[in-house]
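Number of protein chains: 2
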Amino acid sequence: MDTTLLKSSRPRLELPGKREQTKAQNRQLILDAARQVFAELGYGAATVRDIIRATPLASGTFYNYFKSKEEVFQAIRDEVALAIRPRLHEERMKAETVEEFITCTFRTFFEFVASDRVNFRTIRHAADTTRVRMDTPEVIAGFEELRNDIEAAIAKGMFPPVNADYLMAAIVGVAFEVAERMLRSEPHDPVAAAEFASALFIAGVRTLPYATQAGISSGTA
Amino acid sequence: MDTTLLKSSRPRLELPGKREQTKAQNRQLILDAARQVFAELGYGAATVRDIIRATPLASGTFYNYFKSKEEVFQAIRDEVALAIRPRLHEERMKAETVEEFITCTFRTFFEFVASDRVNFRTIRHAADTTRVRMDTPEVIAGFEELRNDIEAAIAKGMFPPVNADYLMAAIVGVAFEVAERMLRSEPHDPVAAAEFASALFIAGVRTLPYATQAGISSGTA
DNA sequence: GAAGAAATTGACGGGGTGTCAGGATGCGGT
DNA sequence: ACCGCATCCTGACACCCCGTCAATTTCTTC
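Going down the list, the sequences are from chains A and B. Residue numbering for the first sequence follows this note's numbering, beginning at 15 and increasing consecutively. Residue numbering for the second sequence follows this note's numbering, beginning at 15 and increasing consecutively.
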């Protein structure tokens, strides 16, 4: 569709070459079909054949681009993770207080989810109760970035020395689970969700048990 | 195996009848095999044939007991939910303070997970990053019971009037995600996990935005 | 334009799915 | 003890999905 500078403008520096072009196009065809099919049937019920059938390509071609439906799913998730991760990291780096750190994390996340629920619907089957969550390398990297940011904030004295691993896990758990609830009621209200989650953690980090490694001791009363 | 009072003691009130017996036994055979297979291959890769092969039964017999591998999985999850749900509810009913309410919830949950990781491993593939979470009716009932308990606590004046739905979601999210982390490092320390999660929420509920329906207003500063 | 590289196609062997007719087995009545 | 019935078990079957591969088409390069 987006055939800008195909043969209209100067074919100056590397015009992609028709080979490269259809390659990128086919990949996109498959990804779009997969999003469609996953949203319709749910990840579990969807099949590589379903995806390729929603495409003008032949079944064998699928395997030139992805090894399995799992890998397509990963690619879709990675797209999402790559879109949001830098934003989250950047905002957290600018934070100078606990409040800013927590608030901007949740604010950005919930707003992203609300605006991108097509991708998030992919994860759940409509009529089914099965939820599939795939922690792709990109997603895991996002989690670890959060943990690193927490550790950096502790080092700066911004956070008390809490267990960064558990705090990261808790933030992730609340973010995903509350997002789920948020999507369940129209109209979506990412601001309310973010305020809720932020308040919980802002108060929480002040009283979390301190733990440099694995020891436990109560924080401030 | 457990053939107590089969033909030794008085065959008084309804001895189950051989038919019923083998039926219950076959069901258990399938469930045990399924637990084994899921733990070994992961839910996604496991197949009805794998399960039935780990059993002396024929393939067709499987479908006399369950419609699909999904239904077996549900049955297993329901067993777990039924085992822990009454315990959680009972302890929360006894709670007279926010601290007790929160603490006993997490304490019981994490100790259960640590002692029952066979069932929890079922949910994750060993080498794979795909996580499957199935919210069966029993599990959902457990979530709603938590929300009801929260609402009851609010009515009693024990909790401030927070958004019970979000609070429930947050507790669930933290419980599952922190449990995941807890299981990742040996030896498991459910006490530390519970202390962490409890501290977070005990402080949190004091400052959560109050919301009777969907409105938002800050709680105590 | 021809030779070569690269990508596409669809048929194929292997295996999983759910079903069903036929056989086995416990149950109740005589 | 035996028979007829209902129930359950069995494994073969038809169908579909998977991933591969030789043949073919399409692009690139000289």
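Idealized CB from N, CA, C, for every residue including glycine.
Distance between Ile168/B and Val176/B, taken at the CA atoms: about 8 Å. The residues Phe124, Val192 and Met196, in chain order, have a CB closer than 6 Å to that of Ala207/B in the same chain once the five nearest residues on each side in sequence are set aside. Met182/B: member of the alpha helix (DSSP H) spanning Ala178 to Arg198, first to last residue. In the DSSP annotation of this structure, the continuous segment of the alpha helix (DSSP H) that includes Thr122/A starts and ends at Val112 to Ser129.
Between Asp149/B and chain A, the shortest Cβ-Cβ separation is below 7 Å. Burial check for Met107/A: the Cβ neighbour count within 10 Å stays below 16, so the residue is exposed.
For the C-beta of Ile216/B, the chain A residues within less than 8 Å are, from N- to C-terminus, Thr221. Only those residues of the region 37 to 70 of chain A whose C-beta falls short of 8 Å from the nearest C-beta of chain B are listed: Gly58.
The beta carbon of Phe126/B sits closer than 6 Å to those of Ile98, all from its chain and outside the five residues before and after it, given in chain order. In the DSSP assignment, Met107/A falls within the alpha helix (DSSP H) that extends over Lys83 to Lys108. Against chain B, the CB of Thr144/A has a partner CB under 7 Å away; the residue lies at that interface.
Less than 7 Å divides the Cβ of Val51/B from the Cβ of Ile65/B. Following the DSSP letters along the chain, one finds Thr36/B inside the alpha helix (DSSP H) bounded by residues Lys32 to Leu55. Contacts with chain A at 7 Å (Cβ-Cβ) do not include Phe124/B. Residue contact check for Gly187/B against chain A: a CB pair falls below 7 Å. If you check the CB distance, Glu159/A and His103/A come in under 7 Å. Looking at Phe80/A, Thr117/A and Phe157/A, the one whose alpha-carbon comes closest to that of Gly187/A is Phe157/A.
At least one CB atom of chain B sits nearer than 7 Å to the CB of Arg195/A.
A distance of 7 Å or more separates the beta carbons of Ala47/B and Thr75/B.
Excluding its 5 nearest sequence neighbours in each direction, Asp92/A has C-beta neighbours in its own chain below 6 Å: Thr150 and Glu152, listed in chain order.
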